[in-house]
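All remarks here apply to the structure that follows.
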Amino acid sequence: MSGAPISTLLLAGAPARDAILETLATRISQAGSPHIALATVLVGNDAPSRKYVASKHKTAQSIGIESVQVELPDTTSQEELEAHVARLSADTSVHGILVQLPLPSHLDTEAVLRLIPADKDVDGLTEASMGRLMRDVPGHIGCTPLGVLRLLQHYGIETRGKHAVVIGRSTLVGLPLSVLLARKGIDATVTLAHSRTEHLAALCQTADIVISATGMAHSITSAHIAPGATAIDVGISRTELGIVGDIDAASVTGVASALTPMPGGTGIMTVACLMENTVNAAAMQGIVV
């Protein structure tokens, strides 16, 4: 790198998360605190999944959303799980449904997700929700892609007319995020890259915004970031050094104009965006909020 180091703004997730939750709490309160319910379905005893589900319900309750928790043993059959999801789907008192993933290996995830009505799919993972995103019609956007967008918006990072390189093509993050950023009103010019992309560093050097979601620890360095570009880390890896992201923060600091920390960046946004989707789901189902 040539020239003086750039002052790198740290895009911490907490202020953006808090702003979203405050807005949602006010929205619910001003509507007279109507009944809004989020249901989660957890299969098995995976400790991280249990912790994550608990944090979702704690956040929901803090802003006035009620919780419905379905906890099932890891021996649950496909038929039993589908019956629970179908019941929640038909229950008009439940406005959002989230099936905590991953499910045990003997269960068919896609078959379960197909049972969730699009209006209640607050995780934005069903085929119907993905189709709505592609067609640019009202629906729920995946919490991680939406969280990235909300973080950029909170810090005033311009997307209109900017070149964004999204690294990673998963249906959870990369694919929906690339579509979201190209939407009218957001208006980024998006390149979707992946593990087979040739000359990745040179491609990233042409970007105003680089977003990495591969789960490959510290695979993105200053060689990938043009001076003054924004670097967004969505990847997560557990290493001997602890939890790290795709982006080597030490290398990129002083090159990027803005950088998300890992942890403490995009991951913090997902639960807040789940709450946003849940409130919007209630509105889609006739709740005045």
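Using full-length UniProt numbering, you'd call the opening residue of the sequence shown number 1 and step up by one each time. Ideal placement from N, C-alpha and C gives every residue a C-beta, glycine not left out. Everything numeric in this text was worked out from a predicted model, so none of it was measured.
So, for Thr-76: in the same chain, excluding its five sequence neighbours on each side, which residues have a beta-carbon less than 7 Å away from its beta-carbon? So the qualifying residues of the chain are Val-43.
Under the DSSP definition of a beta bridge, which residues are partnered with Glu-71? The partner list for Glu-71 (beta bridge, DSSP) reads Leu-42.
Measure from the alpha carbon of His-106 to the alpha carbon of each residue in Ser-55, Asn-280, Glu-80, then state which is nearest. Ranking Ser-55, Asn-280, Glu-80 by Cα distance to His-106 puts Glu-80 first.
Between Ile-268 and the rest of its own chain, which residues show a CB-CB distance below 7 Å, the 5 nearest in sequence each way excluded? Around Ile-268, the same chain offers Gly-13, Ala-14, Arg-17 as residues with beta carbons nearer than 7 Å, after the five sequence neighbours per side are excluded.
Bridge partners for Val-165 per DSSP, in chain order? BP columns for Val-165 point to Thr-191, Val-210.
Put Ala-250 into one of helix, strand or coil per three-state DSSP. Three-state DSSP puts Ala-250 in a helix.
Which residues in the same chain as His-57 place their Cβ atom closer than 8 Å to its Cβ, once the five residues preceding and following it in sequence are excluded? Around His-57: Leu-38, Thr-40, Ser-67, Gln-69.
Ordered along the chain, which non-local residues of its own chain (more than five positions away) have a Cβ less than 6 Å from that of Gly-174? These residues qualify, in order along the chain: Val-166, Gly-168, Ala-213.
Based on DSSP bridge pairs, tell me the residues matched to Ser-237. When beta bridges are read from the DSSP output, Ser-237 appears opposite Val-244.
Do Thr-260 and Ile-232 have their C-beta atoms closer together than 8 Å? Contact check for Thr-260 against Ile-232 passes: the beta carbons are separated by less than 8 Å.
Starting from Ile-63 and walking both ways along the alpha helix (DSSP H), at which residues does that stretch end? For Ile-63, the uninterrupted alpha helix (DSSP H) run begins and ends at 47-63, by DSSP.
What first and last residue would you give for the alpha helix (DSSP H) that runs through Gly-131? For Gly-131, the uninterrupted alpha helix (DSSP H) run begins and ends at 127-135, by DSSP.
Measure the CB-CB distance between Thr-278 and His-35 and report whether it falls below 8 Å. His-35 sits away from Thr-278, with the two beta carbons spaced by 8 Å or more.
Beta-carbon within less than 7 Å of Leu-115's beta-carbon, same chain only, minus the 5 sequence neighbours each way: which residues are those? For Leu-115, where only same-chain residues beyond five positions count, the Cβ hits under 7 Å are Glu-82, Val-85, Ala-86, Ser-89.
For the beta strand (DSSP E) that Leu-11 lies in, which residues bound it at each end? Careful: Leu-11 lies outside any beta strand (DSSP E) and carries neither H nor E.
Under the three-state reduction of DSSP, which class applies to Val-99: helix, strand or coil? Assignment of Val-99 by DSSP, reduced to helix, strand and coil, places it in the strand class.
Is Gly-64 closer than 8 Å to Ile-20 when the C-beta atoms are compared? Their beta carbons are not under 8 Å apart, which means Ile-20 does not touch Gly-64 by this criterion.
Specify, as a first and last residue, the run of the alpha helix (DSSP H) that Ser-178 falls within. Where Ser-178 is concerned, the enclosing alpha helix (DSSP H) starts and stops at 174-182.
Buried or exposed for Glu-158, please, with buried defined as at least 16 other CB atoms from any protein chain shown within 10 angstroms of its CB. Exposed, because fewer than 16 other Cβ atoms sit within 10 Å of the Cβ of Glu-158.
Start and end residues, alpha helix (DSSP H) containing Ser-89: Element bounds for Ser-89: 78-90.
Exposure label - Ala-202; buried when at least 16 CB within 10 Å: Counting Cβ neighbours within 10 Å, Ala-202 comes out exposed, since fewer than 16 surround it.
Under the assumption that Ile-236 contacts Ile-247 (Cβ atoms under 8 Å), give the Cβ distance between them as a whole number of angstroms. Between the beta-carbon of Ile-236 and that of Ile-247 there is about 11 Å, and that puts the pair past the 8 Å contact cut.
Burial state of Val-288 (16 or more Cβ within 10 Å): Exposed.
I need the straight-line Cα distance from Arg-118 to Ala-60, nearest angstrom please. Checking the displayed sequence, the identity of residue 118 turns out to be Ala instead of Arg. Answer to the nearest angstrom: the Cα atoms are 20 Å apart.
Going by the CB atoms, is the gap between Thr-126 and Leu-146 shorter than 8 Å? No.
Run through DSSP, which three-state label would Ala-258 get? DSSP places Ala-258 in strand when its eight states are reduced to three.
For my contact list, Ala-164 and Ile-211 are in at a C-beta cut-off of 8 Å; report their separation, rounded to the angstrom. Rounded, the Cβ-Cβ distance is 6 Å, consistent with contact.
For residue 291, write down the residues that DSSP places opposite it in a beta bridge. Residue 291 lies beyond the stretch modelled for the chain, which goes from 1 to 289, so this question has no answer here.
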